[in-house]
Amino acid sequence: MIIFRKIVFWSHLVVGLLSATFVLLLCLTGALLAFELQILVWAEHDVRAAPPTPDAHFLSADEIIREAKKVTNERITFIQWYADKASPAHISTDKQTTLKLNPYTGEFLGHGASGLRGCMRWVTELHTHLTIKDWGHWLVGSANLAFAFLLISGLWLWWPKAWSWISLRHSVKPQWGLSGKARDWNWHNTLGFWLLPFLLTISLTGIVLAFSPVDQWWRKFGGAEVLAPATAPIRPMRQAEPTTSWPAWVRRISQEHPGWSSLVVHGENAIAKAPLLTVQVLRGTIRQSRQTMELRLDLAQGQILEERDWNTSDGKQRARNVVRTGHTGELFGNWGQLFACLACIGGLVIIYTGMALSWRRLFKKSGGAETL
Numbered sequence: 011m012i013i014f015r016k017i018v019f020w021s022h023l024v025v026g027l028l029s030a031t032f033v034l035l036l037c038l039t040g041a042l043l044a045f046e047l048q049i050l051v052w053a054e055h056d057v058r059a060a061p062p063t064p065d066a067h068f069l070s071a072d073e074i075i076r077e078a079k080k081v082t083n084e085r086i087t088f089i090q091w092y093a094d095k096a097s098p099a100h101i102s103t104d105k106q107t108t109l110k111l112n113p114y115t116g117e118f119l120g121h122g123a124s125g126l127r128g129c130m131r132w133v134t135e136l137h138t139h140l141t142i143k144d145w146g147h148w149l150v151g152s153a154n155l156a157f158a159f160l161l162i163s164g165l166w167l168w169w170p171k172a173w174s175w176i177s178l179r180h181s182v183k184p185q186w187g188l189s190g191k192a193r194d195w196n197w198h199n200t201l202g203f204w205l206l207p208f209l210l211t212i213s214l215t216g217i218v219l220a221f222s223p224v225d226q227w228w229r230k231f232g233g234a235e236v237l238a239p240a241t242a243p244i245r246p247m248r249q250a251e252p253t254t255s256w257p258a259w260v261r262r263i264s265q266e267h268p269g270w271s272s273l274v275v276h277g278e279n280a281i282a283k284a285p286l287l288t289v290q291v292l293r294g295t296i297r298q299s300r301q302t303m304e305l306r307l308d309l310a311q312g313q314i315l316e317e318r319d320w321n322t323s324d325g326k327q328r329a330r331n332v333v334r335t336g337h338t339g340e341l342f343g344n345w346g347q348l349f350a351c352l353a354c355i356g357g358l359v360i361i362y363t364g365m366a367l368s369w370r371r372l373f374k375k376s377g378g379a380e381t382l
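Read in order, the letters of the sequence shown are residues 11 to 382 in the working numbering.
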């Protein structure tokens, strides 16, 4: 047992030293990206587009595209209208350019916080594949795998031989008056203990997102076995009076799906399929599929042909979304994002204190508290 413990301990130490730089980078970028969408909304809060008249209505998707084409020749990929009447329409292009238009008049209001958006895209690329397109995701996946090993092996090494409140208190209660090795040992164990569920979730979902074979396995297994099978799409039981205009569609959607925050149409490809049009009705962010209703409209007949919600969407897509939003905490809303952010910050401290403890053990063999 002692020999096995030594093997686990030295494996923990060596893997920690080899992966420390990458894990530190992932924790730092993860903390920055935890509230990415909220930060962008805040940065662009001064771009407003109040309706010119009380009875003004949203322009349709093809009208928005026509106005956007006056500003850019890039292909429109994404259009978003907001329930907040003073919010501009958000348009994205295939070149990742952002346009803000008045949703009532089509007036161009600028590109929003383009510098910040560019910075966030770079941080995202650094977080997902270290800006190395061909094989960077393998390094990121390996770092997540190493971090998962460190968390599990750290728990095993921490596990008390004999349970008592006195011994437990020293390793799970933060002690602020310590310094040096004793402080690093306490913070390393305390943060590791309390943040273990969050960090393990982040690292395991990171493995799925980084490795394509694991992702494909999870989509198949998670979609079919873990999540409930998708049910048939919802079809309206009663055909309403034909809806003949985009303002009428917005009013109808507001009546049938009150509380929506934004409407999304995925650009020119979707418009080209007219008279059929797919519209996403969002109650949360674009990433939170659990709060999204997808409507398939027949513009010619003025009817809703099909409605899809979380339970009727493809199981593989749901499995992927659970991992994606679980990784960032968005699966559980703002509180989940907050815990994910705090876990990433705590991960920075855990890795730093682990490196400090390892340095002391390898190069300054002095007495004091045990390293793990």
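Note that beta-carbon positions come from the ideal geometry of N, C-alpha and C, so glycine has one too.
Member of the options whose CA lies at the smallest distance from the CA of residue i
{"i": "residue 35", "options": "361, 320, 254", "result": "361"}
{"i": "residue 334", "options": "121, 95, 219", "result": "219"}
{"i": "residue 97", "options": "78, 125, 61, 81", "result": "61"}
{"i": "residue 345", "options": "359, 48, 27", "result": "48"}
{"i": "residue 290", "options": "312, 113, 313, 263", "result": "263"}
{"i": "residue 166", "options": "137, 305, 175, 202", "result": "202"}
{"i": "residue 318", "options": "305, 325, 326, 327", "result": "305"}
{"i": "residue 421", "options": "226, 357, 349", "result": "With the chain represented from 11 up to 382, any question about residue 421 goes unanswered, as that position is not in the structure."}
{"i": "residue 7", "options": "84, 351, 92", "result": "In the structure displayed, the chain extends from 11 to 382; residue 7 sits before or after that span and is not available."}
{"i": "residue 66", "options": "86, 26, 53, 116", "result": "116"}
{"i": "residue 145", "options": "187, 133, 221, 192", "result": "221"}
{"i": "residue 68", "options": "44, 78, 114, 83", "result": "114"}
{"i": "residue 147", "options": "217, 43, 192, 87", "result": "217"}
{"i": "residue 288", "options": "271, 265, 314, 298", "result": "314"}
{"i": "residue 259", "options": "325, 308, 330", "result": "308"}
{"i": "residue 236", "options": "64, 18, 329", "result": "329"}
{"i": "residue 355", "options": "15, 88, 43", "result": "43"}
{"i": "residue 17", "options": "163, 37, 181", "result": "163"}
{"i": "residue 331", "options": "78, 228, 168", "result": "228"}
{"i": "residue 342", "options": "323, 297, 183, 359", "result": "297"}
Same chain only: Cβ atoms within 7 Å of residue i, ignoring 5 sequence neighbours per side
{"i": "residue 13", "result": "none"}
{"i": "residue 373", "result": "none"}
{"i": "residue 336", "result": "211, 215"}
{"i": "residue 312", "result": "252, 253, 254"}
{"i": "residue 119", "result": "57, 59, 98, 110, 111, 112"}
{"i": "residue 194", "result": "363, 366, 367"}
{"i": "residue 300", "result": "320"}
{"i": "residue 325", "result": "233, 234, 237, 239, 240"}
Cβ neighbour criterion (16 or more within 10 Å) applied to residue i
{"i": "residue 376", "result": "Its pLDDT being 49, under 50, residue 376 is placed unreliably by the model, and the measurement read from it follows with that caveat. Flag for residue 376 reads exposed."}
{"i": "residue 269", "result": "exposed"}
{"i": "residue 128", "result": "exposed"}
{"i": "residue 310", "result": "exposed"}
{"i": "residue 198", "result": "buried"}
{"i": "residue 179", "result": "exposed"}
{"i": "residue 261", "result": "exposed"}
{"i": "residue 90", "result": "buried"}
{"i": "residue 303", "result": "buried"}
{"i": "residue 86", "result": "buried"}
Residue range of the unbroken beta strand (DSSP E) whose run includes residue i
{"i": "residue 92", "result": "86–92"}
{"i": "residue 308", "result": "302–308"}
{"i": "residue 99", "result": "99–103"}
{"i": "residue 314", "result": "313–318"}
{"i": "residue 288", "result": "286–292"}
{"i": "residue 120", "result": "118–120"}
{"i": "residue 275", "result": "272–275"}
Own chain partners of residue i with C-beta closer than 6 Å, once the 5 adjacent residues on each side are dropped
{"i": "residue 170", "result": "177"}
{"i": "residue 33", "result": "153, 157, 361"}
{"i": "residue 256", "result": "70"}
{"i": "residue 364", "result": "26, 198"}
{"i": "residue 130", "result": "46"}
{"i": "residue 274", "result": "90, 290"}
{"i": "residue 185", "result": "196"}
Delimiting residues of the alpha helix (DSSP H) encompassing residue i
{"i": "residue 111", "result": "Not the alpha helix (DSSP H): residue 111 falls in the beta strand (DSSP E), residues 108–111."}
{"i": "residue 218", "result": "190–220"}
{"i": "residue 356", "result": "343–373"}
{"i": "residue 140", "result": "From DSSP, residue 140 is part of no alpha helix (DSSP H); its letter is neither H nor E."}
{"i": "residue 333", "result": "325–338"}
{"i": "residue 18", "result": "12–43"}
{"i": "residue 152", "result": "146–168"}
{"i": "residue 71", "result": "71–78"}
{"i": "residue 178", "result": "175–182"}
{"i": "residue 47", "result": "46–53"}
{"i": "residue 261", "result": "256–266"}
8 Å CB neighbourhood of residue i in its chain, flanking five on each side removed
{"i": "residue 189", "result": "none"}
{"i": "residue 123", "result": "50, 53, 54"}
{"i": "residue 168", "result": "181, 199, 202, 203, 382"}
Closer than 7 Å: residue i CB and nearest the ligand COA heavy atom
{"i": "residue 221", "result": "The ligand content of the structure shown is nil, which means the ligand COA is not present either."}
Stretch-stretch touch, CB-based, cutoff 8 Å, three pairs: the stretch 159–175 with the stretch 223–242: no
contact_flag[the stretch 197–211, the stretch 143–154] where n(CB pairs < 8 Å) is 3 or more: no
Stretch pair the stretch 86–103 + the stretch 58–74: three plus CB contacts closer than 8 Å: yes
Any 3 or more C-beta pairs closer than 8 Å across the stretch 24–32 and the stretch 103–116: no
Segment contact, 8 Å Cβ cut-off, at least three pairs: the stretch 20–27 with the stretch 129–142: no
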